[in-house]
Amino acid sequence: MLEKFGRNYQFPLHLAQRHSVTLWLVDYHSKTTIQCSDGPLTITSTPVKNLAVFKHYLLGTYQTTQPIDMVIASGDCYIALMAQRIAKKLRAKFIFDVYDKYDEFGGYIKPLGFDLFGHLLKTADMRLFASHALLHSLGQPEYDAILSNGLDANHFRPIDKAKARHKLQLPADATYVGYFGSMEPDRGVQDLIAAVQILREQGQRIELLLGGKAHNSLQLDQPGIRYLGNVPFADVPYALAASDVLAIPYRRSPFMDAGASNKIAEAMACQRPIVATRSPNLTANFPQQAQELEPYLAESSQPSSLATVLAQQLLDRKLVAAPQNIYWSGITSTLEQDLKRLNHDPA
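First residue of the sequence shown? That's 43 in my numbering, and the numbers climb one at a time after it.
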């Protein structure tokens, strides 16, 4: 309920504008059951810790007065298994939303060798994938669909750099390379730190502007780094706008290669110059923009390569046009057409 900006909240919210939709959230963190609404969307959030989620499932209190023709599962394999069983009981279509490679999650296990992820992929009536890499490696492109992560057009927008720096209390005359988000090793933040250090040693007066939860392997209290901590969601567009260049330094890994990170579209929507590594996270999901950014693409896990393209982009400040259909409303309209196709509804 705290992350209303994510796909698990925004897609139901937008679908509910034209359809009868109930959102059931599984809460892994708190012990509070919540029942509320957001406009036409009815919401129930049930905790795992006090077993409320199992009570809700076993008693069938998820059922509504109106017939349910589709059950869409998103989040992880255990939520999807429950959704599959509900769909079977209600004789509804089961749609599996795969927004990450769930079998790479830390909590995923194969009891007695049983591959739950593979089973759910095989038995779903339709699969939705957040990235092209996931669709082509796990799905059936002729039957399944891309359901991209979306943005709020009113939130991620171009903002004047001076205004953004004033809001965040940053000096007006500094040169910032920005990165905001997760900092696990495969995100490449260590490579970005090293690349900025290379440029500083060459005499460039630049700093790395970081925001997000710091990984314990990173040393952020060093010259050339300004760490903003966990940036509130409301301030993220200002942090992006405060940067002279935004970096997406992803390393190659099965998890990252299969992903569709929001920060790529966010940077484009906010109209900031970008440097990135040649990760399928960018090249497969945004091929046109990746082609435009070719002079500013570095090899993954190579700080020297990243330093070279950073230096060039700091000179050029090359912008790429935001991709089409990156906002929630447009993506949801496409989703509606895919769901109608599943029900053989030509309307």
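All residues carry an ideal CB built from backbone N, CA and C; glycine is no exception.
Contact belief for residue i with residue j at Cβ below 8 Å, rounded distance in angstroms
| i | j | result |
| --- | --- | --- |
| G301 | D142 | 6 Å |
| L348 | A237 | 4 Å |
| I248 | P345 | Between P345 and I248 the Cβ distance is about 14 Å, and since that is not below 8 Å, they are no contact. |
| H257 | P227 | 7 Å |
| Y194 | F47 | In the sequence under discussion, the amino acid at residue 194 is Asp, which differs from the Tyr named in the question. So it is a contact: roughly 7 Å between Cβ atoms. |
| V68 | I121 | 5 Å |
| A283 | A214 | Going by Cβ atoms, the distance from A283 to A214 rounds to 13 Å, so no, they are not a contact pair. |
| Q244 | V287 | With 8 Å as the limit, Q244 and V287 do not qualify as a contact, their Cβ atoms being about 16 Å apart. |
Per DSSP, the bridge partner or partners of residue i
| i | result |
| --- | --- |
| Q333 | The partner list for Q333 (beta bridge, DSSP) is empty, contrary to what the question assumes. |
| C78 | I85 |
| V140 | F171 |
| V68 | T88 |
| S346 | BP columns for S346 are empty, so no partner. |
| L339 | A318 |
| S116 | D139 |
| I188 | F171 |
| Y369 | L193 |
Residue i versus residue j: straight-line alpha-carbon distance, rounded
| i | j | result |
| --- | --- | --- |
| T376 | R169 | 14 Å |
| P388 | P183 | Unreliable placement is indicated for P388, whose pLDDT of 48 sits below 50; no coordinate value is reported for it. |
| N385 | R314 | 41 Å |
| R242 | S259 | 22 Å |
| V219 | E334 | 20 Å |
| K130 | K382 | 19 Å |
| D277 | L154 | 46 Å |
| L57 | Y185 | 21 Å |
| I373 | Q59 | 14 Å |
| S285 | Y221 | 9 Å |
| A309 | A363 | 10 Å |
| P274 | R127 | 37 Å |
| N367 | R268 | 34 Å |
| L158 | L189 | 22 Å |
| S116 | Q246 | 45 Å |
| F96 | Q232 | 42 Å |
| I235 | A187 | 37 Å |
| P365 | Q331 | 8 Å |
| R359 | L251 | 17 Å |
| L101 | K305 | 40 Å |
| L132 | Y104 | 11 Å |
| T75 | Y99 | 14 Å |
| L223 | A281 | Residue identity check: residue 223 is Gly in the sequence provided, not Leu. Their Cα atoms are separated by approximately 11 Å. |
| D139 | D299 | 18 Å |
| S72 | N92 | 9 Å |
| G266 | L352 | 15 Å |
| N191 | Q77 | 26 Å |
| A134 | A307 | 34 Å |
| P296 | R229 | 12 Å |
| W370 | N50 | 12 Å |
| A41 | P82 | Residue 41 is absent from the structure shown; the chain starts at 43 and stops at 389. |
| P329 | I316 | 15 Å |
| C312 | N327 | 18 Å |
| D167 | Q379 | 15 Å |
| T165 | T107 | 27 Å |
| L262 | N272 | 13 Å |
| C119 | T350 | 41 Å |
| H161 | L55 | 29 Å |
| F156 | L163 | 13 Å |
| P279 | N196 | 10 Å |
| T217 | I137 | 47 Å |
| L123 | V90 | 15 Å |
| Y70 | D80 | 21 Å |
Any non-hydrogen atom of the ligand ADP within 7 Å of residue i CB
| i | result |
| --- | --- |
| H98 | As for the ligand ADP, it is missing from this structure, which has no ligand bound. |
> Can you list the alpha helix (DSSP H) stretches of 4 or more residues lying completely in the stretch 212–297, in chain order?
Replying inline: 231–243, 278–284
>> Taking 8 Å as the cut-off, does the stretch 275–291 touch the stretch 311–327 (at least 3 CB pairs, one atom from each stretch)?
In response: A contact exists between the stretch 311–327 and the stretch 275–291.
> For the stretch 337–346 against the stretch 202–221, are there 3 or more C-beta pairs whose distance is under 8 Å?
Replying inline: no
> Is the stretch 208–227 touching the stretch 165–181, taking contact as three or more C-beta pairs under 8 Å?
Replying inline: no
>> Does the stretch 142–152 come into contact with the stretch 104–116, if we say contact requires no fewer than three beta-carbon pairs (one atom in each stretch) closer than 8 Å?
In response: no
> Looking at C-beta atoms only, is the number of pairs between the stretch 53–67 and the stretch 84–97 that lie closer than 8 Å three or more?
Replying inline: A contact exists between the stretch 53–67 and the stretch 84–97.
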